[in-house]
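Below is one structure, written out as structure tokens; the observations come after it.
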Amino acid sequence: MIDLRAKPVLEIRRQALRDRVAARVASGHRPPKLCVILVGDHPASQIYVSRKEKMAGLVGFDRETIRFPGSATPEQVRLRVSALNADPSVDGILIQRPLPPAFDEKEVCLWVDPEKDVDCLHPENVGLLLTGNPRFLPCTPGGILLLLDHYGLTVSGKTACVIGRSLIVGKPLAALLLSRNASVIQIHRQTPDPASLCKLADFVFVAAGSQGLLKRDWIRPGAVVVDVGIHRLPDGRITGDVDAMSVGDSPSALTPVPGGVGPMTIQVLLENTFTSSIGKR
Ligand code: ADP
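Quick note on numbering: the sequence shown equals residues 16 to 296 in my numbering.
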């Protein structure tokens, strides 16, 4: 079974990005700048945000994390985002999810200027993706495709099953796979017999946010399995949506958790921010 680790892919892509940033700075431009907004003290979000900040630093970006208390009002945060939209030194803005319940997720997607929406959540950017002319790659789905490309795994002409239909993973992933000429099956909570549909697939992408959901009897032997889940066990270990004990050696390739999809997601975020900075001073 091939272990689809992010590390070798990142070694290449991070160096390439670092070189492109250095070349731009050497030719008199400022470094790209990423701003991350964090509302409240969700423990996993704290870790994700500090990782994004660290990775942005590693490739030579300017970066800023703007923290609001969990009691901040949507209007306070929206005004800050508006100021970042108008700030010419900012190339990318990301609002870390999940947000406190007072925030309306759909409305928040409209706040970031589409040209700085490096998380690819604004309806304009989702529309550009669906119409085959993407401005930015959605971070997690884009990271998954970079990973598959690196390991020479091609979805074209194959059957792909996406488990989950979230705005951030399932929906854009299905769109990207379709644009790569896969035949896509999408499974969600209302799907009556998910295991039998999933078994049809050559590629299985599980993004259900449900620990250990994917068992051996869901997959066809030899399928490529991509695990998008991240869960912390009571003993502190990190695990995914795949039940690793159950699937055993049935897949031909599997992404590890941690060290698979997660780090790739950050790489795409940084590449999007670099793309956004091009053409600006
Ligand atoms: P993520 O952001 O990682 O995609 P979310 O929790 O936002 O996770 O979304 C979970 C998605 O997974 C939803 O679209 C839901 O329909 C799907 N899902 C959750 N549990 C199951 C399940 N047991 N079987 C099939 N789909 C599921």
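Using N, Cα and C, we set each Cβ at its ideal position, and we do this for glycine too. This structure is a prediction, so every number in the text was calculated from the model and none was measured.
Rounded to the nearest angstrom, what separates residue i and residue j at their Cα positions?
{"i": "residue 288", "j": "residue 47", "result": "7 Å"}
{"i": "residue 126", "j": "residue 279", "result": "25 Å"}
{"i": "residue 263", "j": "residue 96", "result": "46 Å"}
{"i": "residue 108", "j": "residue 155", "result": "16 Å"}
{"i": "residue 284", "j": "residue 273", "result": "18 Å"}
{"i": "residue 230", "j": "residue 258", "result": "6 Å"}
{"i": "residue 246", "j": "residue 58", "result": "12 Å"}
{"i": "residue 249", "j": "residue 183", "result": "26 Å"}
{"i": "residue 49", "j": "residue 71", "result": "8 Å"}
{"i": "residue 157", "j": "residue 19", "result": "15 Å"}
For the beta strand (DSSP E) containing residue i, name the first residue and the last one.
{"i": "residue 107", "result": "107 to 110"}
{"i": "residue 62", "result": "Not the beta strand (DSSP E): residue 62 falls in the alpha helix (DSSP H), residues 58 to 73."}
{"i": "residue 175", "result": "174 to 178"}
{"i": "residue 82", "result": "77 to 83"}
Is residue i near ligand 1, with its Cβ less than 7 Å from a heavy atom?
{"i": "residue 204", "result": "yes"}
{"i": "residue 178", "result": "yes"}
{"i": "residue 278", "result": "no"}
{"i": "residue 40", "result": "no"}
{"i": "residue 209", "result": "yes"}
{"i": "residue 60", "result": "no"}
{"i": "residue 183", "result": "yes"}
{"i": "residue 275", "result": "no"}
{"i": "residue 228", "result": "yes"}
Taking the beta carbon of residue i as the centre, do at least 16 other beta carbons fall within 10 Å, making it buried, or is it exposed?
{"i": "residue 65", "result": "exposed"}
{"i": "residue 204", "result": "exposed"}
{"i": "residue 170", "result": "buried"}
{"i": "residue 88", "result": "exposed"}
{"i": "residue 161", "result": "buried"}
Could you pull the start and end residues of the alpha helix (DSSP H) that residue i belongs to?
{"i": "residue 164", "result": "154 to 165"}
{"i": "residue 131", "result": "Taken as a continuous stretch (DSSP letters only), residue 131 belongs to no alpha helix (DSSP H), as it is neither H nor E."}
{"i": "residue 292", "result": "276 to 292"}
Requested in this report: Tell me, please, whether the stretch 251 to 260 touches the stretch 121 to 141 by the rule of three or more beta-carbon pairs shorter than 8 Å.
Outcome: Output reads no: the stretch 121 to 141 does not touch the stretch 251 to 260.
**Report entry** Touching by the beta-carbon criterion (3+ pairs, under 8 Å), the stretch 141 to 148 and the stretch 100 to 116
**Finding:** Not touching, per the Cβ criterion.
Report task. Please confirm if the stretch 78 to 90 is in contact with the stretch 17 to 37, defined as three or more CB-CB distances below 8 Å between the two stretches. Result -> no
Query - Stretch pair the stretch 166 to 184 + the stretch 207 to 225: three plus CB contacts closer than 8 Å - result: yes
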